[in-house]
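Taken in order, these protein sequences are the chains called A and B.
Going by the working numbering, the first sequence opens with residue 295, and the numbers climb by one from there.
Going by the working numbering, the second sequence opens with residue 6, and the numbers climb by one from there.
C-beta atoms are modelled at their ideal positions from N, C-alpha and C, and glycine is treated no differently.
Encoded as structure tokens, the structure appears first; notes follow it.
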Amino acid sequence: MGKLLQQLVNGITLGSIYALIALGYTMVYGIINLINFAHGDIFMLGAYIGFALTTFLNMSFIPALVISMLSCAIIGVVIEKVAYKPIRNSSRIAALITAISVSLFIEYVMMYFVSAETRTFPDVLAGKKINILNGRVILNSKDIYIIIITILLMIMLQYIIHNTKIGKAMRAVSLDSEAAQLMGINVDKTISYTFAIGSALAGAAGVLVGVYYNSIDPLMGMVPGLKAFIAAVIGGIGIIPGAMFGGIFLGLTETMVSAYGNSLYKDAVAFAILIIVLIIKPNGLFGTTAREKV
Amino acid sequence: MKWFNKKNIKMIILVLGTYAISEILIKANIIDSYIEMNLVIIGINIILAVSLNLITGFTGQFSLGHAGFMAIGAYVSAIATAKLGLPFIAAILLAAVSAAFVGLLIGIPTLRLKGDYLAIATLGFSEIIRNILLNIEYVGGASGFNDIPQYTTWTWIYFMVVITVTVIKNFVNSYAGRACIAIREDEIAAEAMGVNTTLYKVLSFIIGAFFAGIAGALYANYFYFIKPDAFGFMKSIDILVIVVFGGMGSIKGSIVGAFLLSLISLLLQSVPEIRMILYSLILFTIMVYRPQGILGDYESSVKLFKRGGKLNVGNQNK
């Protein structure tokens with residue numbers, strides 16, 4: 295029982311991080327139908343910005359998190375303007391390869407400047423351990439921080455999407471961008487905002503991962519990026535609650551497989567779930583089936 | 006249909022002539038072992054690219070899992086030659102048939118999916134294959150499979166490339182190949198015209214996997230060491246990049262693409278620190294300024310009649 299609860303805590307923490315990254319994937323896919331492979335690298339950049347701020351400028355956790363999110367938002371918009379705008383009307387496969395080239399570019403530019411070595415993230419959050427159930431479950435204060443910050447960010451996101459003008463514009467563009475344009479919505483601006491918000495969330499996830507695991511490197515974005523993408527697809531790509539659910543679900547599954555099965559198979563299990571979901575319900579667990587029109 | 010016509014005889018003379026010249030150059034040491042190794046890599050890449058082009062370029066099914074089939078071919082051939090001591094030709098056939106069989110198993114459920122979803126599912130399958138290989142101790146697990154006999158020679162590579170290109174070119178020009186192109190152009194219309202879309206999609210997937218298996222076998226028996234990480238996501242992307250760079254639906258393009266990309270990566274080896282940065286920039290520039298690839302629109306005359314025809318994969322119906 296104790297072990298199960300412990301794994302639940304770990305799983306939800308990992309899942310929150312996946313969910314934060316998955317949200318960016320899902321928002322970008324929803325609006326321009328592009329699998330933004332560079333998203334995992336924005337997550338990595340967020341971690342490095344957080345690292346630089348806390349190590350060299352001795353900032354505390356919250357300001358570092360906020361500045362890192364803002365910088366990532368700007369980077370996201372720049373990537374969109376420079377790299378994705380020229381290919382908005384080209385084929386799917388060209389767009390996909392462009393996204394991959396952007397991802398490689400960010401990774402190797404970072405590797406060139408900060409070197410490939412792993413760096414230790416400073417301990418900015420005092421790691422207080424809280425024992426529950428006679429010490430059978432250890433609740434690290436970092437877990438609580440991560441979960442609370444994730445929940446706060448998700449509430450903010452929900453507010454932005456459902457209660458603000460720009461959120462309404464995003465929903466309209468993702469439903470039908472041409473119709474939205476005819477209604478006077480500035481599609482370019484909306485896409486930029488989407489990238490900004492998605493990238494800010496990835497940046498936040500980057501700082502949180504840095505704080506949680508204490509180590510960062512230039513290729514750290516690849517695997518979580520792919521996992522978060524799976525999470526987004528499981529929940530139904532383009533659907534925001536789906537990404538949240540998918541992230542937590544994937545995080546829990548992975549920790550459970552590692553704890554009770556063979557940890558070497560956790561990636562295979564993640565992909566197997568993805569394929570099963572895709573085959574049974576191609577639009578994701580939260581998606582609605584769109585009928586194919588001729 | 007006369008098989009023994011002027012064109013075919015010319016082709017055979019050209020193929021044998023090129024082989025004779027290359028063999029003389031190797032014997033005379035004008036092509037040294039370094040260049041030969043690069044030619045072998047280019048040959049393997051041509052087989053991989055042409056076979057993926059059948060799936061993605063001609064049938065229009067977006068696959069990101071080609072490295073998975075290559076991995077199966079490589080491991081099957083490694084086991085057959087190193088552990089069972091089979092002759093190389095048997096190992097290649099076994100590798101190809103196993104990869105084709107896995108292609109069948111993967112193809113039947115996933116080819117119901119379209120576009121990006123199919124890409125993700127195939128990516129998932131190839132990652133699962135890699136993950137399973139990582140966990141099998143019999144084939145060395147994460148540390149890799151060592152001491153595979155080196156059977157692959159330039160002769161093997163050359164004739165396997167010729168066989169692959171010939172088979173796939175003839176397949177594309179056959180009834181089944183036309184059906185595949187019809188599926189790429191418009192799946193619903195093809196179905197309405199009586200094309201069994203599932204059959205031909207799975208068929209092109211199996212043939213693609215078959216040749217990827219051959220490429221894997223040649224790879225394993227040339228480098229005598231394989232490990233699962235060599236067949237990851239990036240390998241699939243590399244193959245896809247060759248196909249798109251050369252031009253989707255163009256076999257000549259895939260061959261030219263494999264040559265040019267190998268040349269680019271050879272040239273970039275002199276600047277190792279910024280090699281990947283330059284590579285990504287080149288990739289980006291090509292995708293923005295020539296998304297149809299260098300030889301795109303060259304072989305597919307069907308495209309000419311489609312106004313504003315885009316070389317897209319899957320359905321992009323709005």
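Euclidean distance between Cα positions of residue i and residue j
i              : j              : result
residue 111(B) : residue 338(A) : 33 Å
residue 290(B) : residue 58(B)  : 21 Å
residue 36(B)  : residue 23(B)  : 14 Å
residue 387(A) : residue 126(B) : 15 Å
residue 551(A) : residue 198(B) : 48 Å
residue 449(A) : residue 39(B)  : 59 Å
residue 314(A) : residue 390(A) : 22 Å
residue 98(B)  : residue 91(B)  : 11 Å
residue 447(A) : residue 440(A) : 11 Å
residue 470(A) : residue 434(A) : 45 Å
residue 581(A) : residue 296(B) : 31 Å
residue 379(A) : residue 397(A) : 16 Å
residue 317(A) : residue 455(A) : 12 Å
residue 2(B)   : residue 188(B) : One cannot answer for residue 2(B) here, as it falls past the ends of chain B, which runs 6 to 323.
residue 482(A) : residue 26(B)  : 57 Å
residue 46(B)  : residue 167(B) : 15 Å
residue 312(A) : residue 517(A) : 11 Å
residue 599(A) : residue 424(A) : Limits of chain A in this structure are 295 at one end and 588 at the other, which puts residue 599(A) out of reach.
residue 302(A) : residue 549(A) : 8 Å
residue 239(B) : residue 395(A) : 11 Å
residue 543(A) : residue 443(A) : 18 Å
residue 479(A) : residue 458(A) : 14 Å
Chain-ordered neighbours of residue i on chain B, where CB pairs are closer than 8 Å
i              : result
residue 482(A) : Here the premise fails: no neighbours, minimum Cβ distance about 18 Å.
residue 573(A) : 114, 115, 117, 118 and 126
CB contact below 8 Å: residue i versus chain A
i              : result
residue 249(B) : yes
residue 113(B) : no
residue 118(B) : yes
residue 335(B) : An answer regarding residue 335(B) cannot be provided, because it is not within the stretch 6 to 323 covered by chain B.
residue 311(B) : No answer about residue 311(B) holds up, because its pLDDT of 45 lies below 50 and its placement is not dependable.
residue 303(B) : Because the pLDDT of residue 303(B) is 48, which lies under 50, any placement of that residue in the model is unreliable, and the question is left without a value.
residue 314(B) : Because residue 314(B) carries a pLDDT of 45, less than 50, the predicted location of this residue cannot be relied on, and no value is offered for it.
residue 284(B) : yes
residue 296(B) : yes
residue 242(B) : yes
residue 281(B) : yes
residue 108(B) : no
residue 258(B) : no
residue 375(B) : As displayed, chain B neither begins before 6 nor continues past 323, which places residue 375(B) out of reach and without an answer.
residue 278(B) : yes
Same chain only: Cβ atoms within 6 Å of residue i, ignoring 5 sequence neighbours per side
i              : result
residue 515(A) : 334, 335, 337 and 338
residue 105(B) : 211, 214 and 215
residue 358(A) : 344, 347 and 348
residue 546(A) : 305 and 309
residue 511(A) : 412
residue 305(B) : Note on residue 305(B): pLDDT 46, under 50, position unreliable in the model; the coordinate value appears next. Around residue 305(B): 254.
Cβ of residue i within 8 Å of any chain B Cβ
i              : result
residue 395(A) : yes
residue 569(A) : yes
residue 510(A) : no
residue 326(A) : no
residue 377(A) : yes
residue 533(A) : no
residue 403(A) : yes
residue 355(A) : no
residue 312(A) : no
Interface residues of chain A facing residue i [CB-CB closer than 7 Å]
i              : result
residue 246(B) : 391
residue 288(B) : 391 and 395
residue 196(B) : The premise fails here: residue 196(B) is roughly 10 Å from chain A at the closest Cβ pair, so nothing lies under 7 Å.
residue 129(B) : 565, 568 and 569
Contact list for residue i against chain A, beta-carbon separation under 8 Å
i              : result
residue 136(B) : 558, 559, 561, 562 and 565
residue 139(B) : 558
7 Å Cβ shell around residue i - same chain, five flanking residues per side excluded
i              : result
residue 371(A) : 486, 489 and 490
residue 86(B)  : 93, 96, 153, 154, 156 and 226
residue 70(B)  : 127, 128, 130, 131 and 241
Chain C contact residues for residue i, given Cβ-Cβ distances below 9 Å
i              : result
residue 132(B) : Judged by its chain identifiers, the structure shown contains no chain C, and its protein chains are A and B.
Interface partners of residue i on chain B, CB under 9 Å
i              : result
residue 544(A) : The contacting residues do not exist; residue 544(A) stays about 13 Å from chain B at best.
Where residue i meets chain A, residues with beta-carbon distance less than 9 Å
i              : result
residue 293(B) : 377, 380, 381, 384, 388 and 392
Contact set between residue i and chain B, taken where Cβ atoms lie within less than 7 Å
i              : result
residue 476(A) : Under the 7 Å cutoff, chain B gives no residues; its nearest Cβ is about 14 Å from residue 476(A).
Cβ-based neighbour list, residue i, same chain, cut-off 8 Å, excluding 5 preceding and 5 following
i              : result
residue 287(B) : 269
Fully enclosed by the stretch 346–417 of chain A, which alpha helix (DSSP H) runs are 4 residues long or longer?
Contiguous alpha helix (DSSP H) elements confined to the stretch 346–417 of chain A occur at 355–373 and 386–408, taking only those with 4 or more residues.
Ordered list of alpha helix (DSSP H) runs contained in the stretch 151–221 of chain B, each at least 4 residues = Scanning the stretch 151–221 of chain B from its first residue to its last, the whole alpha helix (DSSP H) runs of 4-plus residues come out as 159–177, 180–190 and 192–197.
### Task
Kindly provide the ranges of any beta strand (DSSP E) runs that are 3 or more residues long and lie completely inside the stretch 12–43 of chain B, ordered along the chain.
None, since the stretch 12–43 of chain B contains no complete beta strand (DSSP E) of that length.
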